[in-house]
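Q: If you're matching positions, the sequence shown starts at 1 in UniProt numbering and goes up one per residue.
Take this structure, written in structure tokens, and hold onto it; I'll ask about it next.
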Amino acid sequence: MTNMLTAIARGGEGIEGIAIHSVPIPVAGPGEALVRLKAATLNFRDLIIARGMMAGLAKEPDYVPLSCATGEVVAVGEGVSRVKPGDRVNPIFALGWLEGRQPSMAMLGGSADGVARQYAVFPAESLCIVPDALGDLEAATLTCAGLTAWNALFLPRPIQRGEWILCQGTGGVSIAALQFAKAAGAHVAITSSSDAKLARARALGADISVNYRTDPDWPAAIRQALGGRGVDIVVDVVGASQVETAASLLNPGGVIAAIGMLGSEFSWHLADVGGNPVARISVGNRAEHAAMQAFCAQHRIRPVVDAVYDLTRLADACRHLESGQFFGKIGINLL
Numbered sequence: 001m002t003n004m005l006t007a008i009a010r011g012g013e014g015i016e017g018i019a020i021h022s023v024p025i026p027v028a029g030p031g032e033a034l035v036r037l038k039a040a041t042l043n044f045r046d047l048i049i050a051r052g053m054m055a056g057l058a059k060e061p062d063y064v065p066l067s068c069a070t071g072e073v074v075a076v077g078e079g080v081s082r083v084k085p086g087d088r089v090n091p092i093f094a095l096g097w098l099e100g101r102q103p104s105m106a107m108l109g110g111s112a113d114g115v116a117r118q119y120a121v122f123p124a125e126s127l128c129i130v131p132d133a134l135g136d137l138e139a140a141t142l143t144c145a146g147l148t149a150w151n152a153l154f155l156p157r158p159i160q161r162g163e164w165i166l167c168q169g170t171g172g173v174s175i176a177a178l179q180f181a182k183a184a185g186a187h188v189a190i191t192s193s194s195d196a197k198l199a200r201a202r203a204l205g206a207d208i209s210v211n212y213r214t215d216p217d218w219p220a221a222i223r224q225a226l227g228g229r230g231v232d233i234v235v236d237v238v239g240a241s242q243v244e245t246a247a248s249l250l251n252p253g254g255v256i257a258a259i260g261m262l263g264s265e266f267s268w269h270l271a272d273v274g275g276n277p278v279a280r281i282s283v284g285n286r287a288e289h290a291a292m293q294a295f296c297a298q299h300r301i302r303p304v305v306d307a308v309y310d311l312t313r314l315a316d317a318c319r320h321l322e323s324g325q326f327f328g329k330i331g332i333n334l335l
């Protein structure tokens, strides 16, 4: 086999701009590893880039989409000692961001070609060994959504046993935050417009669940269920349009972990809301990725994948993501 399938997209052209091509399998150079990618997952970020909603995120004139995958090392270049053929690995979200708070700009599925392909070459230092406790598809949920949720809970204000977090919706970040918080001994309040999704969240351990469509004053409903107290971390995936409403639930000393823009622009431009600090969460580094993987293995966390599509149906998978009719993550089979 000398060729592989790869998705190619053009930023700003939307889902219809995604096409599948057959191209030669690349070769690992010095310091690199060739990885046979097996499973990938989608993030809302993939739609942001495809639609051109934030200028400058996509490599021009085209790029390989998606940032999250698991694969097996099949060959390494000269000087590589971090990984060897046969190792199961996750490429990290921002290639070269190994530690510290200064992120690399080489972000997969945007400024750097991503993982919607069957083989790829990566810098060996930008690979993390996947624990045996995690399957390929499970591990592929962690690179972007999982690590973002991890740092929302453990970076700006580490969650403590017995404390509360608020999760908005039941997408990948929120469900990962729910699972991490419960494993850490914390409690979770979660919102959704779907009673069926809320039932699934309760099955994963959610302590309070409120349908914001049937109960528009959902903060009051949550506070009542909490006996008048509030939460300690807001996992803000909606953005500025709801951040004040969500922040009204915070206890003194609480923090808003600003992550997404599902409903409006990011909350990143805000320093605080009602005296509560806004912490800008931008995924994380290799060291944090490895710590999250170890935590998942230790606590037997099984990430949730709602549906899986073949690579040739990537556009259909993106439409499923766009619809919002999913729980947790949407997977892509790369085999």
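Virtual Cβ for every residue (Gly too), placed ideally from N, Cα, C.
As the structure is a prediction and not an experimental result, all values here were calculated from the model.
#1: So within the region 240–266, which uninterrupted alpha helix (DSSP H) runs reach at least 4 residues, ignoring any that extend past its ends?
#2: Cα-Cα, which of 91, 170, 219, 127 is closest to residue 231?
#3: Which whole-angstrom value is the C-beta distance of residue 167 and residue 235, which I expect to be below 8 angstroms?
#4: Bridge partners for residue 214 per DSSP, in chain order?
#5: Could you tell me the alpha carbon to alpha carbon distance between residue 217 and residue 299, rounded to whole angstroms?
#6: Closest to residue 46 by CA distance: which of 335, 329, 334 is it?
#7: Mind checking residue 90: buried by the 16 CB within 10 Å criterion, or exposed?
#8: Which class does residue 320 belong to by DSSP, given the choice of helix, strand or coil?
#9: I need the straight-line Cα distance from residue 23 to residue 6, nearest angstrom please.
#10: Roughly how many whole angstroms lie between the Cα atoms of residue 123 and residue 95?
#11: Just to confirm the assignment: which complete beta strand (DSSP E) runs, minimum length 3, are found wholly within the region 2–90?
#12: Residue 26 and residue 34 - do their beta-carbons sit closer together than 8 angstroms?
#13: Does DSSP put residue 202 in a helix, a strand or coil?
#14: With a cut-off of 8 angstroms on the beta carbons, I'd call residue 281 and residue 258 a contact; round off their distance for me.
#15: Go ahead and label residue 337 buried or exposed: buried means 16 or more other beta carbons lie within 10 angstroms of its beta carbon, across all protein chains shown.
#16: Taking the straight line between their C-alpha atoms, what separation do you get for residue 80 and residue 98?
#17: Tell me the rounded alpha-carbon separation between residue 131 and residue 161.
#18: What is the rounded straight-line gap between the Cα of residue 172 and the Cα of residue 118?
#19: Rounding to the nearest angstrom, what Cα-Cα distance links residue 256 and residue 279 in this structure?
#20: What do you get for residue 335, buried or exposed, if any count of 16 or more other CB atoms within 10 angstroms of its CB means buried?
#21: Can you tell me the Cβ-Cβ gap for residue 57 and residue 114, rounded? I've got them flagged as a contact below 8 angstroms.
#22: Mapping DSSP to helix, strand and coil, what is residue 150?
#23: So residue 10 and residue 62 are supposed to be a Cβ contact under 8 angstroms. How far apart are they, rounded?
#24: Say whether the region 149–163 touches the region 282–291, bearing in mind that this needs 3 or more beta-carbon pairs closer than 8 angstroms, one atom from each stretch.
#25: Just the C-alpha distance for residue 322 and residue 215, rounded to the nearest angstrom, thanks.
#26: Could you tell me the alpha carbon to alpha carbon distance between residue 277 and residue 253, rounded to whole angstroms?
A: If we stick to the structure as given:
#1: DSSP runs (the alpha helix (DSSP H)) wholly in the region 240–266: 240–247.
#2: Per the C-alpha coordinates, the member of 91, 170, 219, 127 positioned closest to residue 231 is 219.
#3: That belief holds up - the Cβ atoms of residue 167 and residue 235 are roughly 5 angstroms apart, short of 8 angstroms.
#4: None; residue 214 has no bridge partner.
#5: Roughly 35 angstroms separates the two Cα atoms.
#6: Comparing Cα positions, the closest option is 329.
#7: So residue 90 ends up on the buried side.
#8: DSSP places residue 320 within a helical segment (H, G or I) once states are collapsed to three.
#9: Straight-line Cα distance between these residues: approximately 7 angstroms.
#10: Residue 123 and residue 95: Cα-Cα distance of roughly 7 angstroms.
#11: Taking only runs of at least 3 residues, the beta strand (DSSP E) segments lying wholly in the region 2–90 are 3–8, 19–24, 32–41, 68–76.
#12: Against a cut-off of 8 angstroms, the Cβ pair of residue 26 and residue 34 comes out as a contact.
#13: Three-state DSSP puts residue 202 in a helix.
#14: Their Cβ separation, rounded to whole angstroms, is 6 angstroms, which keeps residue 281 and residue 258 in contact under 8 angstroms.
#15: Past the boundaries of the shown model lies residue 337; the chain is included only from 1 to 335, so the question cannot be answered.
#16: Looking at the two C-alpha atoms, the distance is approximately 16 angstroms.
#17: For residue 131 and residue 161, the distance between alpha carbons rounds to 25 angstroms.
#18: Cα to Cα, the separation comes out at about 23 angstroms.
#19: Going from the Cα of residue 256 to the Cα of residue 279 covers about 6 angstroms.
#20: So residue 335 ends up on the exposed side.
#21: The beta-carbon distance between residue 57 and residue 114, rounded to whole angstroms, is 12 angstroms. This is too long to meet the 8 angstroms contact definition.
#22: Of the three classes helix, strand and coil, the one that applies to residue 150 here is helix, per DSSP.
#23: 5 angstroms between Cβ atoms; contact.
#24: These segments touch.
#25: Distance between the alpha carbons of residue 322 and residue 215 is about 24 angstroms.
#26: Going from the Cα of residue 277 to the Cα of residue 253 covers about 9 angstroms.
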